[in-house]
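Presented below is the structure to which this report refers.
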Amino acid sequence: MSWSDNVKAMIDEDFKTFDDYFHFNKREKENFMSAEEVEFNKFKKDVDRLLVSMVGLSSDDLPDATWYDYFDSELSPIDAILCAVDDAWYDEQDLQDLIIAQVERGKI
233 MSWSDNVKAM IDEDFKTFDD YFHFNKREKE NFMSAEEVEF NKFKKDVDRL
283 LVSMVGLSSD DLPDATWYDY FDSELSPIDA ILCAVDDAWY DEQDLQDLII
333 AQVERGKI
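So for the sequence shown, the numbering used here puts the first residue at 233; every next one is plus one.
This is the structure we're talking about:
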């Protein structure tokens, strides 16, 4: 067996061990995170899911809001969005109107 065959065999073995590289990285990252960080990431994903369904944009696409403060205050994702409307997006009148109208209509 040549050197390149040995290297190829080692690489194949590694890929068998970590068959889904991205899933492995996500799992490893979560192992190093505290439980609170994992819960915050779930909260932020819920916020993003709601925002995308409301306005077609995630929180990363909108002006910054204090999401960790909302999480730390134990607000629900929808209440956090409504706080962000008042606190961070006060100068985005169209965005405010769109979000508030959807909440009032019970769409969310």
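Glycine residues also receive a C-beta, built at the ideal position from the N, C-alpha and C atoms.
It should be emphasised that the depicted structure is a prediction, and the values quoted were computed from it without experimental measurement.
Given this structure, state the Cα-to-Cα distance separating residue i from residue j, to the nearest angstrom.
i                 : j                 : result
alanine 297       : glycine 338       : 23 Å
leucine 327       : isoleucine 313    : 11 Å
glutamine 334     : leucine 294       : 17 Å
aspartate 319     : asparagine 273    : 21 Å
glutamine 325     : leucine 289       : 16 Å
aspartate 329     : tyrosine 322      : 11 Å
phenylalanine 275 : tyrosine 302      : 10 Å
leucine 307       : aspartate 237     : 57 Å
isoleucine 331    : valine 287        : 7 Å
valine 317        : phenylalanine 264 : 33 Å
serine 305        : glutamate 336     : 23 Å
cysteine 315      : serine 285        : 18 Å
Residue i: which of the options sits nearest, CA to CA?
i           : options                        : result
leucine 283 : Pro309, Asp323, Asp237         : Pro309
serine 291  : Asp323, Asp301, Asp280, Cys315 : Asp280
valine 270  : Asp329, Met286, Tyr300, Leu294 : Tyr300
Residue i: buried (16+ other C-beta within 10 angstroms of its C-beta) or exposed?
i             : result
aspartate 277 : According to the sequence displayed, residue 277 carries lysine and not aspartate. With fewer than 16 Cβ atoms within 10 Å of its Cβ, lysine 277 is classed as exposed.
threonine 249 : For threonine 249, the pLDDT reaches just 49, beneath the cut-off of 50, and the residue's location in the model is therefore unreliable, leaving the point undetermined.
alanine 267   : exposed
Original post:
Fully enclosed by the stretch 272-337, which beta strand (DSSP E) runs are 3 residues long or longer?
Top reply: none
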